[in-house]
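Note that the protein sequences, when read in sequence, are chains A and B.
Numbering-wise (this note's numbering), the first sequence opens with residue 186 and increments by one.
Numbering-wise (this note's numbering), the second sequence opens with residue 186 and increments by one.
Virtual Cβ for every residue (Gly too), placed ideally from N, Cα, C.
Everything on this sheet refers to the single structure shown next.
Number of protein chains: 2
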Amino acid sequence: MTQLKTETRGGARPNAGRKKGSSPYKESTQALRVPDSLVLPIKKLLEQRKAQLEALGKMTTELYFPTQAPPLCVLPLFAGKVAAGFPSPADDYVEKNLDLNELLVQKPAATFFVRAQGESMLGAGIHPNDILVVDRSIEVTPGKIVICALNGELTVKRLDCINEQWLLKAENPAYADIILHDELEMVVWGVVTNVIHSL
Amino acid sequence: MTQLKTETRGGARPNAGRKKGSSPYKESTQALRVPDSLVLPIKKLLEQRKAQLEALGKMTTELYFPTQAPPLCVLPLFAGKVAAGFPSPADDYVEKNLDLNELLVQKPAATFFVRAQGESMLGAGIHPNDILVVDRSIEVTPGKIVICALNGELTVKRLDCINEQWLLKAENPAYADIILHDELEMVVWGVVTNVIHSL
DNA sequence: TGTTTTGAAATATGTACAAATATCAAAACT
DNA sequence: AGTTTTGATATTTGTACATATTTCAAAACA
Numbered sequence: 186m187t188q189l190k191t192e193t194r195g196g197a198r199p200n201a202g203r204k205k206g207s208s209p210y211k212e213s214t215q216a217l218r219v220p221d222s223l224v225l226p227i228k229k230l231l232e233q234r235k236a237q238l239e240a241l242g243k244m245t246t247e248l249y250f251p252t253q254a255p256p257l258c259v260l261p262l263f264a265g266k267v268a269a270g271f272p273s274p275a276d277d278y279v280e281k282n283l284d285l286n287e288l289l290v291q292k293p294a295a296t297f298f299v300r301a302q303g304e305s306m307l308g309a310g311i312h313p314n315d316i317l318v319v320d321r322s323i324e325v326t327p328g329k330i331v332i333c334a335l336n337g338e339l340t341v342k343r344l345d346c347i348n349e350q351w352l353l354k355a356e357n358p359a360y361a362d363i364i365l366h367d368e369l370e371m372v373v374w375g376v377v378t379n380v381i382h383s384l
Numbered sequence: 186m187t188q189l190k191t192e193t194r195g196g197a198r199p200n201a202g203r204k205k206g207s208s209p210y211k212e213s214t215q216a217l218r219v220p221d222s223l224v225l226p227i228k229k230l231l232e233q234r235k236a237q238l239e240a241l242g243k244m245t246t247e248l249y250f251p252t253q254a255p256p257l258c259v260l261p262l263f264a265g266k267v268a269a270g271f272p273s274p275a276d277d278y279v280e281k282n283l284d285l286n287e288l289l290v291q292k293p294a295a296t297f298f299v300r301a302q303g304e305s306m307l308g309a310g311i312h313p314n315d316i317l318v319v320d321r322s323i324e325v326t327p328g329k330i331v332i333c334a335l336n337g338e339l340t341v342k343r344l345d346c347i348n349e350q351w352l353l354k355a356e357n358p359a360y361a362d363i364i365l366h367d368e369l370e371m372v373v374w375g376v377v378t379n380v381i382h383s384l
């Protein structure tokens with residue numbers, strides 16, 4: 186015969202139980218059926234989402250990470266020559282399939298975009314209104330093109346160091362270099378890895 | 186009492202039953218639990234995948250569509266000024282969240298990538314080794330930058346029409362324009378919408 | 001002999017459910 | 001009075017299962 190224990194701890198009471206939104210995604214989930222080949226990519230995405238939310242929890246500011254995700258998209262990349270007409274897969278025109286996010290974003294949690302203004306970096310292929318891909322995890326060294334806040338103003342320049350003097354160099358003869366002295370408040374946001382130019 | 190019907194059609198036999206891979210994805214599926222905010226995007230992706238596979242069934246050649254999907258990726262886009270340090274969401278530095286595929290690929294089924302060669306289009310911001318985003322669904326009109334096969338050679342130029350004479354113009358004084366005459370076999374692949382430049 | 005109809009079998013798919021996990025107020029302990 | 005332990009409860013989460021769908025060979029038909 187089993188002893189009936191009358192436990193007095195725990196028990197029914199308001200506010201008991203697991204809280205809504207206590208999943209790693211901070212929101213409810215639902216079961217979705219997806220094809221095998223998409224399982225791994227989507228799982229990767231879910232891990233990434235979790236990591237972002239975790240990072241978010243440690244930040245004082247918010248909004249750095251998206252609340253909604255976009256559609257996946259992989260498209261073929263062609264290269265080389267082509268017999269007149271559209272290329273055939275028999276020939277090796279298809280270099281490989283390419284995903285833009287994979288190509289341009291190595292570390293999602295450390296990457297953001299900035300829209301370029303001005304013509305000071307034309308020589309580096311950066312035109313007004315271009316979108317710059319910026320990686321905050323890359324080491325800032327002389328020669329790198331960086332996004333920085335100069336006295337509160339966002340700017341893109343090539344960082345350089347000549348005779349122990351740090352410079353921000355424009356890649357356009359019409360613009361003067363900026364010498365970094367103590368009165369100048371300069372904060373580097375990250376290193377520009379790619380430029381997206383719309384025609 | 187129920188009448189026991191002895192059906193003679195159908196019945197046990199080899200090769201009966203639904204075939205493996207008879208799903209719209211041509212492969213097996215599995216249930217995956219995803220956060221609410223990802224449900225719609227992923228459903229969109231699944232629809233896209235189905236549409237691609239359907240289109241594939243109607244094509245003679247393959248390989249235009251990917252067999253494996255990439256990770257999703259949305260990142261913030263910043264704009265404007267910034268108080269020294271990293272931007273705060275209280276200010277409006279965050280222009281919007283941005284997905285590269287969404288930004289650069291309007292029609293996945295009509296879009297592909299080509300790697301640029303040569304310096305003939307420097308003036309349009311196209312450098313050697315840049316990746317060009319090409320949309321085959323955009324109408325080819327004078328002024329557009331197009332990818333075309335010229336006697337089997339892949340090239341990128343600006344299409345123009347002067348006095349009813351069609352031209353392919355380079356955007357670099359060092360390169361001559363190409364006049365389109367009957368002996369020249371020219372097939373337009375599509376219109377260049379974006380240029381991706383690596384630093 | 002060629003065409004159409006038919007139903008059992010095999011796979012596909014949405015979801016219900018059981019098991020796992022997190023939460024917190026009250027009890028027990030210092 | 002403050003800290004730690006405890007267990008009922010609410011939610012999350014993986015997956016088994018019931019249902020729907022597709023397929024094909026044999027039977028029925030023309």
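- Query: In chain B, which residues lie with their C-beta within 7 Å of the C-beta of Glu212 (chain A)?
  - Reply: Pro220, Asp221, Ser222
- Cross-strand partners of Lys379 (chain B) (DSSP beta bridge): Inspection of the sequence shows that residue 379 (chain B) is occupied by Asn rather than by Lys. The partner list for Asn379 (chain B) (beta bridge, DSSP) reads A:Ser383, B:Val318.
- Query: Rounded to whole angstroms, how far is the Cβ of Val319 (chain B) from the Cβ of Val373 (chain B), which I believe are closer than 8 Å?
  - Reply: At roughly 10 Å, the Cβ-Cβ gap does not stay under 8 Å, so Val319 (chain B) and Val373 (chain B) are not in contact.
- Message: So with CB distances below 9 Å, who are the chain A contacts of Val325 (chain B)?
- Response: Residues of chain A passing the Cβ test: none, with the nearest at roughly 14 Å.
- Query: Taking the continuous alpha helix (DSSP H) assigned at Leu285 (chain A), which residues delimit it?
  - Reply: 285-289
- Task: Identify which residue in A:Val299, A:Ser305, A:Leu231 has its Cα closest to the Cα of Gly375 (chain A).
- Result: A:Val299
- Item | Three or more C-beta pairs below 8 Å linking the stretch 308-326 of chain A and the stretch 206-215 of chain B | No contact exists between the stretch 308-326 of chain A and the stretch 206-215 of chain B.
- Can you pull the chain A residues whose beta carbon is under 7 Å from the beta carbon of Val373 (chain B), in chain order? Result: empty, since nearest Cβ-Cβ is about 10 Å, beyond 7 Å.
- Query: Any idea if Asn379 (chain B) is buried or exposed, counting beta-carbon neighbours within 10 angstroms, 16 or more meaning buried?
  - Reply: buried
- Flag Ala355 (chain B) as yes if its beta-carbon sits less than 8 Å from any beta-carbon of chain A, otherwise no. Under the 8 Å criterion on CB atoms, Ala355 (chain B) is classed as non-interfacial with respect to chain A.
- Can the beta-carbon of Val377 (chain B) be found less than 8 Å from the beta-carbon of Leu317 (chain B)? With contacts defined as CB atoms closer than 8 Å, Val377 (chain B) and Leu317 (chain B) qualify as a contacting pair.
- Task: Show which residues of chain A have a CB atom less than 7 Å away from the CB atom of Gly206 (chain B).
- Result: Correct list: empty, because the minimum Cβ distance to chain A is about 10 Å.
- Excluding the five sequence neighbours on either side, which residues of its own chain have a C-beta within less than 8 Å of the C-beta of Val219 (chain B), listed in chain order? Counting only residues of its own chain and dropping the five nearest sequence neighbours on each side, Val219 (chain B) has a CB closer than 8 Å to the CB of Ile227.
- Item | Residue span of the beta strand (DSSP E) that contains Pro220 (chain A), given as start and end | 214-220
- Note down, in chain order, every chain A residue with its Cβ under 7 Å from the Cβ of His366 (chain B). Residues of chain A passing the Cβ test: none, with the nearest at roughly 15 Å.
- Query: Using a Cβ-Cβ distance under 8 Å, would Gly328 (chain A) count as near chain B?
  - Reply: no
- Using a C-beta to C-beta distance shorter than 9 Å, which residues of chain B count as neighbours of Ser305 (chain A)? Those do not exist, as Ser305 (chain A) stays about 15 Å from chain B at its closest Cβ, beyond 9 Å.
- Task: State buried or exposed for Cys346 (chain B), treating a residue as buried only when at least 16 other CB atoms are found within 10 Å of its CB.
- Result: Label assigned to Cys346 (chain B): exposed.
- Query: From Leu344 (chain A) to Ala361 (chain A), what does the alpha carbon distance come to, in whole angstroms?
  - Reply: Roughly 13 Å separates the two Cα atoms.
- Between Lys342 (chain B) and Lys205 (chain A), what straight-line distance do the alpha-carbon atoms span, to the nearest angstrom? 57 Å
- Considering only C-alpha positions, which residue in the set B:Leu339, B:Ala334, B:Leu365, B:Asn357 is nearest to Glu349 (chain B)? B:Leu365
- Query: Just curious, the beta strand (DSSP E) that Gln350 (chain A) is in, first and last residue?
  - Reply: 350-354
- Item | Under the three-state DSSP convention, the category Ala361 (chain A) falls into | Shown here, Ala361 (chain A) sits in coil according to DSSP, grouped into three states, outside any helix or strand.
- Task: Starting from Val299 (chain B), trace the beta strand (DSSP E) both ways and give me its first and last residue.
- Result: 296-300
- Message: I need the boundaries of the beta strand (DSSP E) containing Leu307 (chain A), first residue and last residue.
- Response: It is not in any beta strand (DSSP E) - Leu307 (chain A) carries neither H nor E in the DSSP assignment.
- Task: Per DSSP, which residues does Ile332 (chain A) bridge with? Please list them.
- Result: Ile332 (chain A) pairs with A:Val341, A:Gly375.
- Item | Nearest candidate by alpha-carbon position, reference Glu368 (chain B), set B:Glu356, B:Trp351, B:Leu352, B:Asn336 | B:Asn336
- Message: Quick check on DSSP: helix, strand or coil for Ala201 (chain A)?
- Response: Coil.
- Query: On the three-state DSSP scale, how would you describe Ile227 (chain A)?
  - Reply: helix
- Task: Please confirm whether Glu356 (chain A) and Gly303 (chain A) have their CB atoms less than 8 Å apart.
- Result: For the 8 Å CB-CB criterion, Glu356 (chain A) and Gly303 (chain A) do not form a contact.
- Task: Measure the CB-CB distance between Ser213 (chain B) and Asp315 (chain A) and report whether it falls below 8 Å.
- Result: no
- Task: Return the CA-CA distance between Lys235 (chain B) and Pro199 (chain A), expressed in angstroms with no decimal places.
- Result: 48 Å
- Taking buried to mean at least 16 other C-beta atoms within 10 Å of its own C-beta, is Ala334 (chain A) buried or exposed? Buried, since its Cβ has 16 or more Cβ neighbours within 10 Å.
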